[in-house]
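Read in order, the letters of the sequence shown correspond to residues 50 to 218 in the numbering used here.
All residues carry an ideal CB built from backbone N, CA and C; glycine is no exception.
In this text the structure is predicted, and so the values were computed from the model without any measurement.
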Amino acid sequence: MKIKFKQAVVFAGVVAALFLSSAAYAQSVDNAAQGEMRPRREPKQRLIEELGLTVEQQEQIKEQCSENKEKNKELREKIRSKRLELKQELEKQNIDKSKIDSLVAEIKILMGQQLEQRVESILSMKEILTPEQFEKFQQKVRITIKNRRGRLKNKSKERKDGLKGGFLE
């Protein structure tokens, strides 16, 4: 159960990343033998083509992503704010245990709402896509997650101070 739960959370995050990504990529060598250069397609466009999305599906996904983006932004801001409050409370000379417990409880509620939003996003994608498209999409997500984990491991090895990036930084 925990594995499926974690997969759902990660899957929803990747869904958002794939569809909200608007980063421009440099040109890559696609045909090295001929020395030709052509612009690389955006990940979003490549995914649309690989999944064979209809115009209607594209519109539904675009609408869903817009809604999710706003909700997620709001929740992230609330969580960030509460974590900052918690950090400040923990740094005080005289600690108020009840205040700390209250802040922790609020953060847990907000994170639960964030998880619910991610799961709703996955369920919505499952309704929009055909079973075959959804399976292809899941495969793409797994690859993306694997690549992201590899990059994160490399970054952590490069850090001199292993404590950087912590919760109370």
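Collapsed DSSP secondary structure at E108 in the structure displayed: By one-based count along the sequence shown, residue 108 stands at place 59. Three-state result, E108: helix.
Using 8 Å as the threshold, is the C-beta distance between Q182 and G101 below it? The count along the sequence shown starts at 1 and reaches residue 182 at position 133. The count along the sequence shown starts at 1 and reaches residue 101 at position 52. It is a contact, given that the beta carbons lie within the stated cut-off.
Consult DSSP for T193 and reduce its assignment to one of helix, strand or coil. Position 144 of the sequence shown holds residue 193. Here DSSP, grouped into helix, strand and coil, assigns T193 to helix.
Can you list, in chain order, the residues of its chain with a C-beta nearer than 8 Å to that of L201? Leave out the 5 residues immediately preceding and following it. Reading the sequence shown from its first residue, position 152 is the one you call residue 201. Once the five neighbours on either side are set aside, L201 has no close Cβ partner at all.
Taking Cβ positions, are I158 and L135 nearer each other than 8 Å? Taking the first residue of the sequence shown as 1, we reach residue 158 at position 109. Taking the first residue of the sequence shown as 1, we reach residue 135 at position 86. Taking 8 Å as the Cβ cut-off, I158 and L135 do not qualify as a contacting pair.
Does the ligand SAH have even one heavy atom less than 7 Å from the beta-carbon of I194? Questions concerning the ligand SAH fall outside what the structure shown contains, since it holds no ligand whatsoever.
Cβ distance (whole Å) where K131 is taken to contact L152 below 8 Å: Here residue 131 corresponds to residue number 82 of the sequence shown, with the count starting at 1. Here residue 152 corresponds to residue number 103 of the sequence shown, with the count starting at 1. For K131 against L152, the beta-carbon gap comes to about 6 Å, under 8 Å, which counts as contact.
In angstroms with no decimal places, state the Cα-to-Cα distance between K127 and E119. Within the sequence shown, residue 127 is the residue found at index 78, counting from 1. Within the sequence shown, residue 119 is the residue found at index 70, counting from 1. In this structure, the CA atom of K127 is about 13 Å from the CA atom of E119.
Rounded C-alpha distance that separates V168 from Q162: Your numbering for residue 168 matches position 119 in the sequence shown. Your numbering for residue 162 matches position 113 in the sequence shown. Whole-angstrom Cα-Cα distance: 10 Å.
Of the choices S170, Q188 and K195, whose alpha-carbon is the least far from that of Q109? Taking the first residue of the sequence shown as 1, we reach residue 109 at position 60. Of the candidates S170, Q188 and K195, the one whose C-alpha sits nearest the C-alpha of Q109 is S170.
Using 10 angstroms around the beta-carbon of R95, count the other beta-carbons present and answer buried if the total reaches 16, otherwise exposed. Start at 1 with the first residue of the sequence shown, and residue 95 comes out as number 46. Note on R95: under 16 other CB atoms within 10 angstroms of its CB, so exposed under the neighbour-count rule.
Taking C-beta to C-beta, are L178 and Q106 nearer than 8 Å? As a first step, residue 178 is located in the sequence shown; it is residue number 129 there, counting from the start. As a first step, residue 106 is located in the sequence shown; it is residue number 57 there, counting from the start. Yes; because the gap between Cβ atoms is below 8 Å, this pair is in contact.
With DSSP run on the structure shown, which of helix, strand or coil describes E138? Position 89 of the sequence shown, counted from the first residue, corresponds to residue 138. In the three-state reduction of the DSSP assignment, E138 falls in the helix class.
For G101, three-class secondary structure by DSSP: Here the question's residue 101 lines up with position 52 in the sequence shown. G101 sits in coil when the DSSP states are folded into three classes, being neither helix nor strand.
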